[in-house]
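Participant: Just add 941 to the spot in the sequence shown (first one is 1) and you have my numbering. Pasting a structure below so you can have a look.
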Amino acid sequence: MDIVMAKDREEESGKYTEVYPPDAFIEALESLSGAAGTQEVADEVGCAYRTAFAKLSDLEEEGKISSRKVGNAKLWQKTE
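Here's what the structure looks like:
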């Protein structure tokens, strides 16, 4: 999976651009057959577990993905 991660600042505002955009996590789920655990998504995107969990939780709050508990882990799924 080729995800371009920007690490620069925006010229006008001076703010850092987002390193791991939300779409990267949705694309990771798609490439992992539409459902995966947090660590699998983190590995696919190339970020830390905590970063993946936070981004996936945000996407779930926005209704773009869903999750369910499987044992002690969460299984994240792309919503239709």
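The beta carbon of each residue, even a glycine, is placed where N, CA and C say it ideally should be. These numbers come from a predicted model, not from an experiment.
Check S972 in the structure and name its three-state DSSP category.
Facilitator: Shown here, S972 sits in a helix according to DSSP, grouped into three states.
Participant: Within 10 Å of its beta-carbon, does E985 have 16 or more other beta-carbons around it, so buried, or fewer, so exposed?
Facilitator: buried
Participant: Tell me which residues share the same chain as E981 and place their Cβ nearer than 7 angstroms to its Cβ, disregarding the 5 neighbours each side in the sequence.
Facilitator: L973
Participant: Nearest by alpha-carbon distance to A1014: which of I967, Y961, A989, F994 is it?
Facilitator: F994
Participant: Classify K1019 as buried or exposed, calling it buried when 16 or more other Cβ atoms lie within 10 Å of its own Cβ.
Facilitator: buried
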